[in-house]
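Residue numbers (the UniProt record's numbering), protein chains in the order written: chain A, 1 to 447; chain B, 1 to 437.
Cβ coordinates follow ideal geometry from the N, Cα and C atoms, glycine included.
What follows is a short report on a single structure.
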Amino acid sequence: MEQAAPDPERLLQPAPLEPLSHPDAGLESMVGEETKGARDEGPGDGTMTENNFSLKKIEISVSEAEKRTGRNAMNMQETYTAYLIETRSVEHSDGQSVLTDSLWRRYSEFELLRNYLLVYYPHIVVPPLPEKRAEFVWHKLSADNMDPDFVERRRIGLENFLLRVASHPILCRDKIFYLFLTQEGNWKETVNETGFQLKADSRLKALNATFRVKNPDKIILKRNISSGILADRLYGVYKVHGNYGRVFSEWSAIEKEMGDGLQSAGHHMDVYASSIDDILEDEEHYADQLKEYLFYAEALRAVCRKHELTQYDLETAAQDLAAKKQQCEELATGTVRTFSLKGMTTKLFGQETPEQREARIKMLEEQIKEGEQQLKSKNLEGREFVKNAWADIERFKEQKNHDLKEALISYAVMQISMCKKAIWDILKDCAVLFCFSFCVPSGRKKS
Amino acid sequence: MSGGPPKALPSTGPQSLRDMPHPLAGSSSEEAVGGDSTPSPDLLTARSFGDKDLILPNGGTPAGTASPASSSSLLNRLQLDDDMDGETRDLFVTVDDPKKHVCTMETYITYRITTKSTRVEFDLPEYSVRRRYQDFDWLRNKLEESQPTHLIPPLPEKFVVKGVVDRFSEEFVETRRKALDKFLKRITDHPVLSFNEHFNVFLTAKDLNAHKKQGMALLTRVGESVKHVAGGYKLRNRPLEFAAIGEYLDTFALKLGTIDRIAQRIIKEEIEYLVELREYGPVYSTWSALEAELAEPLEGVSACIGNCSTALEELTDDMTEDFLPVLREYILYSDSMKSVLKKRDQVQAEYEAKLEAVALRKEERPKVPADVEKCQDRMECFNADLKADMERWQNNKRQDFRQLLMGMADKNIQYYEKCLMAWESIIPLLQEKQEAK
């Protein structure tokens with residue numbers, strides 16, 4: 001997931017956009033205990049508010065999901081899921097948390113927030129959202145957005161999104177983000193009023209679409225696909241073992257001394273078969289963690305695309321400027337080296353007057369002056385962009401390495417404990433097998 | 001019972017519980033296996049088996065400190081103590097060393113049969129001969145003919161049903177060898193069958209074919225008489241105990257058949273899972289090549305998954321080679337036992353018919369004619385033999401299935417132990433970097 005270092009010399013950024021950071025919206029956020037798989041992100045570094053806004057720690061959680069029906073833009077009935085976002089502030093002194101805000105949002109609002117952040121923070125690797133549609137819902141027949149497992153996983157994904165934004169040193173100060181957490185009604189209008197959609201570079205969207213899946217991502221994506229099929233197969237293995245339960249039970253009914261042992265074996269199989277549900281839940285959780293970074297990679301690429309685009313703009317402007325300079329020179333010296341429409345029409349319809357020529361030269365000179373200034377500022381802004389983007393990319397890389405390591409460790413730990421439990425279960429049931437059946441003590445009287 | 005069969009040897013069933021070492025005995029007997037299956041105190045007599053180092057899992061926690069090696073070896077030790085008392089054994093037979101013979105007409109496998117015995121029926125203390133499947137088949141037929149009142153053990157399938165299996169593959173030959181060894185050992189353990197002349201010839205003759213041609217008809221008294229029972233006698237009521245046996249065998253075979261089918265399905269699912277797993281591991285390798293700090297751990301995960309795949313493959317093979325054959329063998333056994341039951345019915349039917357005929361003659365002093373007496377004799381012998389054999393069979397069946405299930409449990413434990421080791425090995429890869437940060 002590494003990209004080549006952008007060349008500092010050739011950078012450009014389109015019209016600078018100011019993040020709408022409200023001075024009072026300094027939030028220092030902390031991962032809440034309610035979250036599943038709590039992350040230890042401790043973003044204490046540099047997220048302090050500069051002004052006198054009282055120091056409050058914020059805990060954010062997406063605690064519930066609810067099915068709703070409503071009317072959509074085309075006035076048709078639709079069903080969707082709404083998610084409850086709760087924000088708690090933690091008083092420093094006693095560590096008690098107080099519920100400060102709670103509101104309901106649906107997935108499309110999350111999307112809106114993210115798109116806004118993408119436009120206003122082009123140099124930041126913006127955290128990804130969970131999948132829009134249910135893709136691989138293992139061992140279930142259809143991919144259903146209303147499926148409770150999917151909704152649950154999405155709830156976790158949305159919570160992770162908010163937590164990551166809140167723990168980002170720059171993003172956490174954004175006013176729109178703050179309002180997302182606090183202002184239920186009217187938020188959509190507020191976002192749209194920023195006019196961010198106009199500011200969004202449509203070329204960027206097009207570029208992103210064409211370069212959807214690049215090599216590293218394909219591999220991780222494939223891994224996730226594998227994980228889905230793998231989970232399916234594993235499920236099959238466990239569940240068929242469950243068929244043993246009934247047969248062993250029926251068999252034990254016709255046996256005298258062997259009965260207990262066979263019952264034990266059958267029971268063991270039943271327990272084994274039902275253990276798959278917990279196992280797959282853990283597998284799914286792990287797959288989701290990897291998927292998050294797959295989507296993160298796309299965000300990373302967006303930053304680089306931005307850079308490429310701005311570089312293209314810079315080159316175009318530079319070329320434009322050079323052409324104008326040349327034109328000016330030709331007019332001044334009277335030599336026509338380059339083709340121009342004016343030159344042609346002059347040849348056809350007669351020379352222009354010296355006054356006309358002077359006017360044109362003057363106009364060009366002004367344009368050149370403007371162009372040079374613009375180029376200078378664009379260059380400057382470009383370098384700023386690179387510096388900031390690079391800083392964020394470094395931050396992202398460290399976070400990624402840390403998170404993935406944790407994910408791998410907990411996955412390995414899960415596998416280890418699963419193996420130990422399996423061994424234990426077998427030994428336990430074997431003890432019954434051996435001790436209490438299959439043996440005919442010599443002292444026992446046979447009827 | 002007049003003129004019964006030769007005295008039966010002491011039962012060769014499993015030893016008494018009292019004599020067996022308790023699996024949880026030893027230094028850590030306080031830490032019993034789980035809380036729910038604590039055995040009663042009188043079973044705690046430990047016999048010195050040389051297994052003082054029995055290490056057991058701690059209390060009831062799954063994450064106990066059981067060392068991997070000990071879980072599996074514990075099971076192995078538990079299975080060892082079922083051997084017969086060494087003192088009463090005077091005949092030992094083994095089947096091993098399969099060899100392929102290529103002749104102009106055919107290709108076939110022979111097995112070496114080694115016999116050691118102190119019995120007077122054997123001229124030499126030791127014999128070593130080579131036999132092929134045909135010879136075993138001949139032996140079994142002879143035994144059925146000459147000992148019709150006894151249960152003859154089954155042979156592995158003669159023909160390979162699914163034509164895809166290679167008759168000369170290592171796995172097939174080994175599976176067959178094990179079954180043939182079992183067959184001979186069962187006969188060896190039988191107090192009557194082991195003295196059968198055909199068995200003796202099978203074990204000792206240099207040239208078995210010569211004997212086959214001679215058509216030795218050394219039938220025992222009972223065998224000869226039973227052979228001449230004409231068919232066509234209908235039995236009205238099977239005695240309760242034999243009816244019970246018949247019903248039992250029916251259900252037993254049915255259940256085993258179901259288990260066989262389930263086992264085959266599990267193997268199929270496991271193979272499909274294995275295919276996916278084998279693709280999954282290398283993905284981590286490819287990913288690792290793109291990373292810097294994560295490269296080593298990811299490579300480790302790839303290797304780990306590879307190891308788990310191999311372990312699963314071994315487990316699946318074990319199921320096919322060890323578990324399925326025993327199920328099939330017992331199904332065959334049940335079938336042959338049911339035909340013996342039917343023969344018994346025939347004998348009883350003949351006796352009852354003849355008895356009825358006498359009763360109908362209405363003589364003043366109905367003297368039971370000699371041939372009716374003979375019939376009664378035959379029937380009672382048959383019943384006795386069958387009952388004794390059934391009990392023997394039940395004991396052996398118990399032993400066999402205990403060994404089978406424990407064996408499968410052991411193999412499963414080994415599988416999990418391998419996976420455990422694989423996953424534990426990558427934890428340090430992930431952690432040392434964390435600490436270095």
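Query: So, does the CB of leucine 219(B) fall closer than 9 Å to a CB anywhere in chain A?; Result: Only weak support is given to the placement of leucine 219(B): the predicted model assigns it a pLDDT of 44, under 50, and the value that follows is read from those uncertain coordinates. It does not: the Cβ of leucine 219(B) has no partner Cβ on chain A nearer than 9 Å.
Query: Between valine 90(A) and asparagine 186(A), what straight-line distance do the alpha-carbon atoms span, to the nearest angstrom?; Result: 27 Å
Query: So, using beta-carbon positions, are valine 247(A) and glycine 266(A) closer together than 9 Å?; Result: yes
Query: Using a Cβ-Cβ distance cut-off of 9 Å, determine whether arginine 186(B) contacts chain A.; Result: no
Query: Can you list, in chain order, the stretches of the beta strand (DSSP E) that have 3 or more residues and sit fully within the region 348 to 398 of chain B?; Result: none
Query: Find the nearest neighbour of arginine 155(A) within the set Lys369(A), Asn379(A), Glu250(A), Arg105(A), judged by alpha-carbon distance.; Result: Arg105(A)
Query: Taking 8 Å as the threshold, find out whether the region 239 to 255 of chain B comes into contact with the region 265 to 276 of chain B through three or more Cβ pairs.; Result: no
Query: Alanine 412(A) to leucine 375(A), Cα distance in whole Å?; Result: 54 Å
Query: Between the region 249 to 281 of chain B and chain A, which residues of the former have a C-beta closer than 7 Å to a C-beta of the latter?; Result: Thr251, Phe252, Lys255, Thr258, Ile259, Ile262, Arg265, Ile266, Glu269, Glu270, Glu272, Tyr273, Glu276, Leu277, Glu279, Tyr280
Query: At least one CB of chain A closer than 9 Å to the CB of glutamine 431(B): is that the case?; Result: yes
Query: Would you mind telling me which residues of chain A sit closer than 9 Å to leucine 294(B), beta carbon to beta carbon, in chain order?; Result: Lys400, Asn401, Leu404, Lys405, Leu408
Query: Please work out which residues of its chain come closer than 7 Å, Cβ to Cβ, to methionine 414(A), disregarding the five sequence neighbours upstream and downstream, and give them in chain order.; Result: Asp282
Query: Within 10 Å of its beta-carbon, does lysine 362(A) have 16 or more other beta-carbons around it, so buried, or fewer, so exposed?; Result: exposed
Query: Just curious, the beta strand (DSSP E) that aspartate 97(B) is in, first and last residue?; Result: 91 to 102
Query: Less than 9 Å separating the beta-carbons of residue 449(A) and isoleucine 170(A)?; Result: Residue coverage of chain A in this structure runs from 1 to 447, which leaves residue 449(A) outside it and unanswerable.
Query: Nearest to glutamine 289(A) by alpha carbon, out of Glu66(A), Asn401(A), Glu381(A), Arg114(A)?; Result: Asn401(A)
Query: Going by Cα to Cα distance, which pick from Tyr330(B), Glu417(B), Phe252(B), Cys375(B) is closest to aspartate 400(B)?; Result: Tyr330(B)
Query: Using a C-beta cutoff of 9 Å, does histidine 168(A) count as contacting chain B?; Result: no
Query: Is the shortest distance between the beta-carbon of glutamine 326(A) and the beta-carbons of chain B less than 9 Å?; Result: no
Query: Run the CB neighbour count on glutamine 96(A), radius 10 Å, all protein chains shown included, and call it buried at 16 or more, exposed below.; Result: exposed
Query: Of the residues Val271(A), Glu78(A), Lys387(A), which one's Cα is nearest the Cα of threonine 69(A)?; Result: Glu78(A)
Query: Glycine 382(A): buried (16+ other C-beta within 10 angstroms of its C-beta) or exposed?; Result: buried
Query: Going by DSSP, what residue range makes up the alpha helix (DSSP H) through tyrosine 293(A)?; Result: 276 to 333
Query: Apart from the five residues on each side of it in sequence, which residues of its chain come closer than 7 Å, Cβ to Cβ, to asparagine 307(B)?; Result: Lys418, Ala422
Query: I need the straight-line Cα distance from methionine 418(A) to aspartate 345(B), nearest angstrom please.; Result: 55 Å
Query: Thinking C-alpha only, which one of Asp207(B), Lys411(B), Val275(B), Asn237(B) is nearest arginine 132(B)?; Result: Asp207(B)
Query: Closer than 7 Å by beta-carbon distance: list the chain A residues that pair up with asparagine 412(B), in chain order.; Result: Ile426
Query: Does chain B have any CB closer than 9 Å to the CB of isoleucine 393(A)?; Result: no
Query: Residues in the same chain with beta-carbon distance under 6 Å from glycine 3(B), minus the five sequence neighbours each way, listed in chain order, please.; Result: With a pLDDT of 41 at glycine 3(B), under the threshold of 50, the modelled position of this residue cannot be trusted; read the value that follows with caution. Within the same chain, glycine 3(B) has no close Cβ partners at all.
Query: Do you know whose CA, among His211(B), Pro98(B), Asp90(B), lies nearest aspartate 189(B)'s CA?; Result: Asp90(B)
Query: Mapping DSSP to helix, strand and coil, what is leucine 420(B)?; Result: helix
Query: Using beta carbons (cut-off 9 Å, strictly below), is leucine 280(A) in contact with chain B?; Result: no
Query: Quick one: complete alpha helix (DSSP H) runs, 4+ long, within the region 161 to 209 of chain B?; Result: 170 to 189, 197 to 204
Query: Whole angstroms are fine: how far does the CA of isoleucine 276(A) sit from the CA of lysine 428(A)?; Result: 19 Å
Query: With DSSP as the reference, label lysine 158(B) as helix, strand or coil.; Result: coil
Query: Could you check whether the Cβ of aspartate 263(A) sits closer than 9 Å to any Cβ belonging to chain B?; Result: Checking the displayed sequence, the identity of residue 263(A) turns out to be glutamine instead of aspartate. So no, glutamine 263(A) is outside the interface.
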